[in-house]
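K.L.:
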Amino acid sequence: MTPMQIIKKLSLCFSVLVWATMLYAQTAPPSDLHLDELREWLQENWHEGHHQSLGYNQARIQMYGYIDNFDGEIECIYTGFTQDGGYVTYPDPINAEHIVPQSFFGSEEPMKSDIFILRPCHGNANSARSNYPFGEVVDASAQWFGIIGNTYTSQGNMPSNHEMWSEKSNGVWEPREEYKGNIARSIFYFYTMYPDEVGSISEIGNPTTLYQWHLDDPVDSTEQDRNDKVESQQGNRNPYVDYPDLVWDAWFWEGAAIDTDGPVITGESVINLDCAEYPNSEIYITASDESSPITISYTDSGVSNGCDYEIMRTYVAVDNVGNTSTFTQIMQVMDVTPPYFTNFSPTIVVDCSEDIIELELPDAFDDCSDAVMMVDEMVIGGPCPAAHQIIRTITAMDQCGNTITATQTIIVNENIEPSGCSSDLNDDGFVTVSDILLALSEFGCVARCNYDVEGDGFVAVSDILEILSDFGSNC
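The working numbering numbers the first residue of the sequence shown as 704 and each following residue consecutively.
(1) Determine, using beta-carbon pairs with one atom in the stretch 1015–1023 and one in the stretch 988–998, whether at least three such pairs fall under 8 Å.
(2) Are there three or more Cβ pairs, one per stretch, closer than 8 Å when the stretch 1066–1073 is compared with the stretch 1037–1049?
(3) So P828 and S889 are in contact, right, with Cβ under 8 Å, and what is the actual spacing, rounded?
(4) Just verifying my parser: in three-state terms, what is the DSSP assignment at H865?
(5) So Y767 and G789 are in contact, right, with Cβ under 8 Å, and what is the actual spacing, rounded?
(6) My output table needs one value for H917: the three-state DSSP class, helix, strand or coil.
(7) Just verifying my parser: in three-state terms, what is the DSSP assignment at R1151?
(8) Return the residue from the list D1138, F1161, G1132 that minimises the CA-CA distance to N1177.
(9) Can you have a look at Q858 and say buried or exposed, based on whether 16 or more other CB atoms are within 10 angstroms of its CB?
(10) Exposed or buried, T895, counting other C-beta atoms within 10 Å across all chains shown (16 or more means buried)?
(11) Look up R1016 in the DSSP assignment and say whether it is helix, strand or coil.
(12) I'd like the span of the beta strand (DSSP E) that includes W847, first residue to last.
(13) Provide the residue span of the alpha helix (DSSP H) that contains F893, from first to last.
(14) The beta strand (DSSP E) that contains P1088, what's its start and end?
(15) In whole angstroms, what is the alpha-carbon distance linking D1079 and R1095?
(16) How close, in whole Å, do the beta carbons of A1109 and I1093 come, if the pair is a contact with beta carbons under 8 Å?
(17) Can you pull the DSSP bridge partners for R1095?
(18) For H661, which of R940, L1062, S810, L1140 has the nearest alpha-carbon?
(19) Please tell me whether F819 and V901 are closer than 7 Å, where the distance is taken between their beta carbons.
(20) With 16 other CB atoms within 10 Å as the buried threshold, where does D928 fall?
(21) Tell me the rounded alpha-carbon separation between Q846 and T963.
(22) Which residues in the same chain have their Cβ closer than 6 Å to the Cβ of D1166, if we skip the five residues on either side of it in sequence?
(23) Can you look up F1068 in the DSSP assignment and give me helix, strand or coil?
(24) Run through the DSSP bridge pairs and tell me what A828 is partnered with.
(25) Cutting at 8 Å between CB atoms, please list the residues of its own chain near Y1001, excluding the five before and the five after it.
(26) To test your reading of the DSSP string, which unbroken beta strand (DSSP E) runs of 3 or more residues are found completely within the stretch 721–778?
(27) Give the secondary structure of Q1032 by DSSP, where H, G and I count as helix, E and B as strand, and everything else as coil.
(28) Taking the alpha carbon of A1150 as the reference point, which residue from A1163, Y1012, N975, D1054 has its own alpha carbon closest?
(29) Just list the residues that DSSP pairs T1045 with in beta bridges.
(30) For L757, count neighbouring Cβ atoms within 10 angstroms of its own Cβ and tell me buried if that reaches 16, exposed if not.
(31) Go to A990, then tell me how far its beta strand (DSSP E) extends in each direction, as first and last residue.
(32) On the premise that Y793 lies in contact with P878, defined as a C-beta separation below 8 Å, what is that separation, rounded to the nearest angstrom?
(33) For I1128, is the classification buried or exposed, using 16 other Cβ atoms within 10 angstroms of its Cβ as the cut-off for buried?
(34) Could you check the C-alpha separation between S1028 and I988 for me, to the nearest Å?
(35) Looking at the structure shown, is Y943 part of a helix, part of a strand, or coil, going by DSSP?
(36) Just to check, is the beta-carbon of S816 closer than 6 Å to a non-hydrogen atom of the ligand NAD?
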């Protein structure tokens, strides 16, 4: 067995052992820590006691032979150039790129051997990148690094598939699109786990740009698989791969927004009301706020009398945390509504049975002021006892000049006495023998006579003759 075969076999055994004992053994991050406190917690709970440095040679051997080896091939992170991999330290022309350059930490261990910042890279691309920081490059002025076929190429003109090429300009290196997020998460990892060994993260690139790369190129299954493989070799994981939201919490968190704004009030600055609509308790505005519920109160100022006046209503809206907003609204109040009648009948029917006809007038009311009523009558025909009509025009006016007019027709009928028969002494509706007999029963009466047909004070032959003249009549 060759030395390389022994190394490969030992590496596989080590991988199985570490994988079985360490996989997913790291604690889920707490939700109440942010920024420095969260990064310190991640360092203590995801790195210290977990990370086991392999040394630079063994780290490269595992990277080329296992971690970044897919179907026997390894790929340059910046160009896409591929070649055979294997359990070696230098497969040539690919070598090991440090995402965070060694010069940033003096090539010290364990940073130098941390596989999370190690990547296979074509030697020429590695040299071209040097220790330049990452960032966005102006395409028109860039030098491009990629492959044509599988041949490493550097050129000054923009390639047609430029998103698959890296570029450099003015001392800034922009990696190809599909690895920007991976690189950003490796950088956030490194500056979280080794805060005292490197300087400011801004030296490697603008953190905001790196965060945007993290968002634009999210974690995929290949990166998650690499996280698993690295853990199997050096014992720890990149928390920003397992929990992508931690990047914001650990590096950019701005704290819970403190609500210092009052509610937003919307409403008309001037509203028009009829006098009958004021005073009132209506709310003519709306208020909105993230901190609900909202309470709304108001005060009115102004004199509420006359036909046309203004009231200034000042609203105060208070949200659930005590922030207030005010809103002033002018209510223009006008009396534009006329009075109204009660107990009014458009038609009345009477007759001339009485010497004096007394007819009641309707009542007039107004919601805002007193009402004065005026009546104009026109008589058609008559007078009593003849039939006729009275046409009334009734007008009510309030103090602001608003009027209402109604017409009432009074029909006065002629008074007709009941016809009847004076000869119908027993009031049965007919003049018959029974009426003659009643008159004969009182014949000769000279005082207080009940059957005095003629009304002359006594019952005599003339009364009998009167009955006979009506004999047989229907009364």
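Heads up, the beta-carbon is just placed ideally off N, CA and C, and yes, glycines get one too.
Quick caveat, the model's predicted, so the values are computed rather than measured.
P.N.:
Let's see:
(1) yes
(2) yes
(3) Counting from 1 along the sequence shown, the entry for residue 828 is found at position 125. Counting from 1 along the sequence shown, the entry for residue 889 is found at position 186. One detail in the question is off: residue 828 reads as Ala in this sequence, not Pro. Not a contact, Cβ separation roughly 17 Å.
(4) Within the sequence shown, residue 865 is the residue found at index 162, counting from 1. Residue state, collapsed to three classes: helix.
(5) Numbered from 1 along the sequence shown, position 64 holds the residue referred to as residue 767. Numbered from 1 along the sequence shown, position 86 holds the residue referred to as residue 789. Rounded, the Cβ-Cβ distance is 6 Å, consistent with contact.
(6) For this step, residue 917 is matched to residue 214 along the sequence shown. Correct three-state label for H917: helix.
(7) Sequence index remark: in the sequence shown, residue 1151 carries index 448 (1-based). If DSSP states are grouped into helix, strand and coil, R1151 belongs with coil.
(8) As a working note, residue 1177 is residue 474 in the sequence shown. N1177 has its Cα closest to that of G1132, out of D1138, F1161, G1132.
(9) Sequence index remark: in the sequence shown, residue 858 carries index 155 (1-based). Classification for Q858: exposed.
(10) Indexing the sequence shown from 1 puts residue 895 at position 192. The residue is buried, with at least 16 neighbouring Cβ atoms inside 10 Å.
(11) Reading the sequence shown from its first residue, position 313 is the one you call residue 1016. The answer is strand: DSSP assigns R1016 an E or B state.
(12) For this step, residue 847 is matched to residue 144 along the sequence shown. From DSSP, the beta strand (DSSP E) with W847 extends over 846–851.
(13) For this step, residue 893 is matched to residue 190 along the sequence shown. Looking at the DSSP string, the run of the alpha helix (DSSP H) that includes F893 is 883–896.
(14) If you number the sequence shown from 1, residue 1088 lands on position 385. Where P1088 is concerned, there is no enclosing beta strand (DSSP E), given that its DSSP letter is neither H nor E.
(15) Numbered from 1 along the sequence shown, position 376 holds the residue referred to as residue 1079. Numbered from 1 along the sequence shown, position 392 holds the residue referred to as residue 1095. Rounded to whole angstroms, D1079 to R1095 spans 6 Å at the Cα level.
(16) For the purposes of this step, residue 1109 is identified with residue 406 of the sequence shown, where counting begins at 1. For the purposes of this step, residue 1093 is identified with residue 390 of the sequence shown, where counting begins at 1. That pair is no contact at about 14 Å.
(17) Residue numbering aside, residue 1095 sits at position 392 when the sequence shown is read from its first letter. E1080, Q1111.
(18) Nothing can be reported for residue 661: it is not among the residues displayed for the chain, which extend from 704 to 1178.
(19) Position 116 of the sequence shown, counting from 1, holds the residue named residue 819. Position 198 of the sequence shown, counting from 1, holds the residue named residue 901. It is not a contact, given that the beta carbons lie outside the stated cut-off.
(20) If you number the sequence shown from 1, residue 928 lands on position 225. By the neighbour-count rule (16 or more Cβ atoms within 10 Å), D928 is not buried but exposed.
(21) Locating residue 846 in the sequence shown gives position 143, counting from the first residue. Locating residue 963 in the sequence shown gives position 260, counting from the first residue. C-alpha separation (whole angstroms): 50 Å.
(22) Taking the first residue of the sequence shown as position 1, residue 1166 is located at position 463. Result list for D1166: A1142, V1156, E1157, in chain order.
(23) Counting from one through the sequence shown, the residue named residue 1068 turns up at place 365. Looking at F1068 - three-state DSSP - the assignment turns out to be strand.
(24) Residue numbering aside, residue 828 sits at position 125 when the sequence shown is read from its first letter. In the DSSP output, where bridge partners are listed per residue, A828 has none listed.
(25) Numbered from 1 along the sequence shown, position 298 holds the residue referred to as residue 1001. Cβ within range, chain order: I986, R1016, T1017, Y1018, V1019.
(26) 776–778
(27) Working through the sequence shown from its first residue, we reach residue 1032 at position 329. Three-state result, Q1032: strand.
(28) Taking the first residue of the sequence shown as position 1, residue 1150 is located at position 447. For the residues A1163, Y1012, N975, D1054, the minimum Cα distance to A1150 belongs to A1163.
(29) On the sequence shown, position 342 is the one that residue 1045 refers to. According to DSSP, T1045 bridges with D1066.
(30) Locating residue 757 in the sequence shown gives position 54, counting from the first residue. Classification of L757: buried, given that the 10 Å Cβ count is 16 or more.
(31) Position 287 of the sequence shown, counted from the first residue, corresponds to residue 990. Its beta strand (DSSP E) spans residues 988–991.
(32) Within the sequence shown, residue 878 is the residue found at index 175, counting from 1. Within the sequence shown, residue 793 is the residue found at index 90, counting from 1. Between Y793 and P878 the Cβ distance is about 22 Å, and since that is not below 8 Å, they are no contact.
(33) Numbered from its first residue, the sequence shown carries residue 1128 at position 425. Checking the displayed sequence, the identity of residue 1128 turns out to be Leu instead of Ile. When all chains shown are included, L1128 counts as buried.
(34) In the sequence shown, residue 1028 corresponds to position 325, counting from 1. In the sequence shown, residue 988 corresponds to position 285, counting from 1. Taking the straight line from one Cα to the other gives about 12 Å.
(35) Taking the first residue of the sequence shown as position 1, residue 943 is located at position 240. In the structure shown, Y943 sits in a helix (DSSP, three-state: H, G or I).
(36) This structure lacks the ligand NAD, and indeed carries no ligand of any kind.
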